[in-house]
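Below is one structure, written out as structure tokens, with a few remarks after it.
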Amino acid sequence: MESARTRPSRALAAGEATSAGTVTAARETRGPRNRRTGGKLLDAGLNLYAGLALLYLLVPIAVILVFSFNKPLGRFNFIWQRFSFDAWKDPFGVPGIGDALRVSIEVAGLSTLIATALGTLTALALVRYEFRGRAAVNFFIFIPLATPEVVLGAALLSMFLNFSVATGFTTIVIAHIMFNLSFVIVTVRSRLIGFDRSLEEAAQDLGATPWQTFRLITLPLIMPGVISAALLAFALSIDDYVITSFNNGSTITFPVFIWGAARVAIPPQIYVIASMIFLFTLAMMLLTVWQQRRAERMAAVRPDEPEPSQG
915 MESARTRPSR
925 ALAAGEATSA
935 GTVTAARETR
945 GPRNRRTGGK
955 LLDAGLNLYA
965 GLALLYLLVP
975 IAVILVFSFN
985 KPLGRFNFIW
995 QRFSFDAWKD
1005 PFGVPGIGDA
1015 LRVSIEVAGL
1025 STLIATALGT
1035 LTALALVRYE
1045 FRGRAAVNFF
1055 IFIPLATPEV
1065 VLGAALLSMF
1075 LNFSVATGFT
1085 TIVIAHIMFN
1095 LSFVIVTVRS
1105 RLIGFDRSLE
1115 EAAQDLGATP
1125 WQTFRLITLP
1135 LIMPGVISAA
1145 LLAFALSIDD
1155 YVITSFNNGS
1165 TITFPVFIWG
1175 AARVAIPPQI
1185 YVIASMIFLF
1195 TLAMMLLTVW
1205 QQRRAERMAA
1215 VRPDEPEPSQ
1225 G
């Protein structure tokens, strides 16, 4: 039998427990809701920031595409006048613009091929092998990345003059190889650092030679990184003006031609060619994404059927 004093005490304790449970439940209910609300606000803010950043990057490209269809009434092509396909019908109608574009493509293509080949081999050596001076090489490859283009262009010009090398097409290619090489090494090396070497070891266990292993296993798997490095080198080379202007001599590239035209008048054909370059770059980027996904599927070694159990 409970005493009269015990009943109120137990009732009070039960009431406090019920209140505490209610408060705890309310806190547990309120916590996830606040977290969900904060997460939604954070997602909305990040989406807004990403949208504004994307808009900031795409507006200049959109202006180039739009003004390639403009037909200026006067000398300047900075104000929209009227819609026309004239520039697209004759993109090389401006004297000298075709030759300048051809020189830029030749310089960019040649420097990209050489820088990609040398940079890929250098990245393989830095990642796969231990040798004396490796740390120094890792340090020096970042110097062209950190050096201002004005300083690098002036230094290259001084080097060519001291060795009595006439500036022109050859010096432009050498200069572009120098600053593209660092970008290629960094890009390919980042791909090699996370490379799974089990497939190479399996190929060697099956009797493949080192050259066969590299050609059939290593190169296809790192090809997305190599293509990305080549695209980056090509874009930097065909777009460069500062270093080229120091070492071009009488050779006129497309950026040098644009700079000279900007002081007088920018014809709509320049916007047309710039649009073509952008569309070509976009196509190459899509090709790189496809190649990367293909390499990931090749790297994902999964048996199609489970091995039968031995009983």
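Residue numbers for the sequence shown follow my numbering, so the first one is 915 and each next one is one higher. Cβ atoms here follow ideal geometry from the backbone N, Cα and C, with glycine treated the same way. Model, not experiment: these values are computed from the prediction.
*Which partner residues does Asn-984 have in the DSSP bridge list?*
DSSP, once it has assigned bridges, lists Phe-997 as partnering Asn-984.
*Note down the Cα distance separating Tyr-963 from Met-1137, rounded to an integer number of angstroms.*
Distance between the alpha carbons of Tyr-963 and Met-1137 is about 33 Å.
*Ala-1031 and Ser-1151 look like a contact to me (Cβ under 8 Å); what is the Cβ gap, rounded to whole Å?*
Not quite, the Cβ-Cβ distance comes to about 15 Å (not below 8 Å), so this is no contact.
_Integer-rounded CB distance, given that Glu-1020 should sit under 8 Å from Val-1156_ = Going by Cβ atoms, the distance from Val-1156 to Glu-1020 rounds to 20 Å, so no, they are not a contact pair.
*Whole alpha helix (DSSP H) runs in the segment 1077-1114 with 4 or more residues, listed along the chain?*
Listed in chain order, the complete alpha helix (DSSP H) runs (minimum 4 residues) inside the segment 1077-1114 are 1083-1107.
*Enumerate in chain order the residues of its own chain whose CB-to-CB distance from Ala-1122 is below 6 Å, with the five nearest sequence positions on each side excluded.*
For Ala-1122, where only same-chain residues beyond five positions count, there are no Cβ hits under 6 Å.
*Taking Ser-891 as the reference, give the member of Ser-982, Leu-969, Arg-1207, Asp-957 with the closest Cα.*
As shown, the chain starts at 915 and ends at 1225. That puts residue 891 outside it, with no answer to give.
_Phe-999 versus Val-1008: straight-line alpha-carbon distance, rounded_ = Cα-Cα distance, rounded: 15 Å.
*Which residues in the same chain have their Cβ closer than 6 Å to the Cβ of Tyr-1185, if we skip the five residues on either side of it in sequence?*
Cβ within range, chain order: Ile-978, Phe-981, Ser-982.
*Ignore the nearest five residues each way along the sequence and tell me which others in Gly-1033's own chain have a CB closer than 7 Å to its CB.*
A distance below 7 Å between beta-carbons, with the five flanking residues on each side excluded, links Gly-1033 to the following residues of its chain, in chain order: Leu-1095, Val-1098, Ile-1099, Val-1102, Ala-1143.
*What three-state label does DSSP hand Pro-1124 in the structure shown?*
Helix.
*asked:* Restricting to Cα atoms, I'd like to know which of Ala-1175, Trp-1002, Ile-975, Thr-1026 is closest to Asn-984.
replied: If we check each option's Cα against that of Asn-984, Trp-1002 comes out closest.
*Do the segment 1160-1168 and the segment 1080-1090 touch if we need at least three Cβ pairs shorter than 8 Å?*
Three or more beta-carbon pairs separated by less than 8 Å link the segment 1160-1168 to the segment 1080-1090, which places the two stretches in contact.
*Return the chain-ordered list of same chain residues with a C-beta closer than 6 Å to the C-beta of Ala-1089, the five sequence neighbours on each side being excluded.*
Within the same chain, Leu-1070, Ile-1157, Asn-1161 come within 6 Å of Ala-1089 by CB-CB distance, once the 5 residues on both sides are set aside.
*Whose CA, out of Asp-1119, Leu-1113, Pro-1058, Phe-1077, lies closest to the CA of Pro-1134?*
Taking only the C-alpha atoms, the option nearest Pro-1134 is Leu-1113.
*According to DSSP, is Thr-1034 helix, strand or coil?*
Looking at Thr-1034 - three-state DSSP - the assignment turns out to be helix.
_Which same chain residues end up closer than 6 Å to Ser-1018 when comparing Cβ atoms and leaving out the 5 residues on each side of it in sequence?_
Around Ser-1018: Ile-1152, Thr-1167, Phe-1168.
*Is Val-1170 near Ala-1014, with beta carbons less than 9 Å apart?*
Result yes, Cβ atoms of Val-1170 and Ala-1014 sit closer than 9 Å.
*asked:* For Ile-1172, which residues in the same chain have their Cβ closer than 7 Å to its Cβ, ignoring the five residues on either side in sequence?
replied: Answer for Ile-1172: Ile-1184, listed in chain order.
*Whose CA, out of Gln-995, Ala-1029, Ala-1175, Ile-975, lies closest to the CA of Val-1087?*
Of the listed residues, the one whose Cα sits closest to Val-1087 is Ala-1029.
*If you compare alpha carbons, which of Gly-1010, Arg-1042, Phe-992 is closest to Ser-1104?*
When only C-alpha atoms are compared, the closest one is Arg-1042.
*Name the residue from Leu-1024, Phe-1045, Ile-975, Ile-1091 whose alpha carbon lies nearest to the alpha carbon of Ile-1187.*
Ranked by Cα distance from Ile-1187, the options Leu-1024, Phe-1045, Ile-975, Ile-1091 are led by Ile-975.
_What does the Cβ neighbour count give for Asp-1154, buried or exposed, with the cut at 16 atoms within 10 Å?_
Answer is buried; the Cβ neighbour count reaches 16.
_Endpoints, the alpha helix (DSSP H) within which Thr-1158 is located_ = Start and end: 1156-1161.
_Cut-off 8 Å between Cβ atoms - residues of its own chain near Gly-1012, not counting five sequence neighbours on either side_ = Cβ-Cβ distances below 8 Å link Gly-1012 to Phe-1006 in the same chain, with the five nearest sequence neighbours on each side left out; the list follows chain order.
_Rounding to the nearest angstrom, what Cα-Cα distance links Ala-1197 and Leu-1106 in this structure?_
So the alpha carbons of these two residues sit roughly 25 Å apart.
_Please give me, in chain order, every unbroken run of the alpha helix (DSSP H) with length at least 4 that falls completely inside the segment 1004-1056._
Listed in chain order, they are 1011-1042, 1048-1054.
*Mind checking Pro-986: buried by the 16 CB within 10 Å criterion, or exposed?*
Buried: at least 16 other Cβ atoms inside 10 Å.
*Can you give me the Cβ contacts of Gln-1206 inside the same chain, cut-off strictly under 6 Å, excluding the 5 residues immediately before and after it?*
Contacts found: Pro-1138.
*Out of curiosity, what's the CA-to-CA distance linking Phe-1148 and Ala-1176?*
Taking C-alpha positions only, Phe-1148 is separated from Ala-1176 by approximately 24 Å.
_Neighbour-count burial assignment, Arg-1208, 16 or more Cβ in a 10 Å radius_ = Classification for Arg-1208: exposed.
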